[in-house]
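J.: The structure is given below, and queries will be raised subsequently.
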């Protein structure tokens, strides 16, 4: 996850947009999602968010890259370049499981996905 502010830019684009574009062009990750917050703070700064009369959006943005550990590792160079001066980057393993219920024939089915194992 990459945590930035909407007003933080890299080469004229908000970091979250630049990150999504670069990841898409490089094909190192299969997907990324940017989520815009409504209110937040960091450090000793005052809380910030959308206000009725302001020229620049000052909301927090989190960009999430979800893929295999190997694909995300290939994306680190791009993430490092774009967040060199601004942003907080976290990387975490997420256990995965699949549960399928209510099939068409009335039976219940469950399935499992093997959990990822990756040495950092």
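Residue numbers (full-length UniProt numbering): 1 to 120. Even glycine gets a Cβ: it sits at the ideal position worked out from N, Cα and C. Note that this is a predicted model, so its numbers are computed, not measured.
If I follow the unbroken alpha helix (DSSP H) through residue 71, where does it start and stop?
T.: The residue given as residue 71 occupies position 71 in the chain shown. That run of the alpha helix (DSSP H) goes 69 to 82.
J.: Put residue 21 into one of helix, strand or coil per three-state DSSP.
T.: Start at 1 with the first residue of the chain shown, and residue 21 comes out as number 21. Helix.
J.: With contact counted as at least three CB pairs below 8 Å, one residue from each stretch, are the region 18 to 31 and the region 76 to 89 in contact?
T.: Yes, the region 18 to 31 is in contact with the region 76 to 89.
J.: Quick check: the Cα distance between residue 4 and residue 15, rounded to an integer number of angstroms?
T.: As a working note, residue 4 is residue 4 in the chain shown. As a working note, residue 15 is residue 15 in the chain shown. Taking the straight line joining both Cα atoms gives about 7 Å.
J.: Which residues in the same chain as residue 24 place their Cβ atom closer than 8 Å to its Cβ, once the five residues preceding and following it in sequence are excluded?
T.: One-based indexing of the chain shown puts residue 24 at position 24. Once the five neighbours on either side are set aside, the close Cβ partners of residue 24 are 32.
J.: Assign residue 88 to buried or exposed, taking buried as 16 or more other Cβ atoms, counted over all protein chains shown, within 10 Å of its Cβ.
T.: Reading the chain shown from its first residue, position 88 is the one you call residue 88. When all chains shown are included, residue 88 counts as exposed.
J.: What would DSSP say about residue 38, mapped onto helix, strand or coil?
T.: As a working mapping, residue 38 is identified with position 38 in the chain shown. Residue state, collapsed to three classes: coil.
J.: Since residue 1 and residue 62 are thought to touch, with beta carbons under 8 Å apart, how far apart are those beta carbons, to the nearest angstrom?
T.: In the chain shown, residue 1 corresponds to position 1, counting from 1. In the chain shown, residue 62 corresponds to position 62, counting from 1. Contact flag correct, Cβ pair sits at about 6 Å.
J.: Mind checking residue 6: buried by the 16 CB within 10 Å criterion, or exposed?
T.: Sequence index remark: in the chain shown, residue 6 carries index 6 (1-based). The residue is buried, with at least 16 neighbouring Cβ atoms inside 10 Å.
J.: When burial is assigned at 16 or more other CB atoms within 10 Å of the CB, is residue 38 buried or exposed?
T.: Taking the chain shown and counting its residues from 1, the one referred to as residue 38 is at position 38. By the 10 Å Cβ count, residue 38 comes out exposed.
J.: Under 8 Å, do residue 64 and residue 91 count as touching if we go by C-beta distance?
T.: Here residue 64 corresponds to residue number 64 of the chain shown, with the count starting at 1. Here residue 91 corresponds to residue number 91 of the chain shown, with the count starting at 1. Contact flag unset, no.
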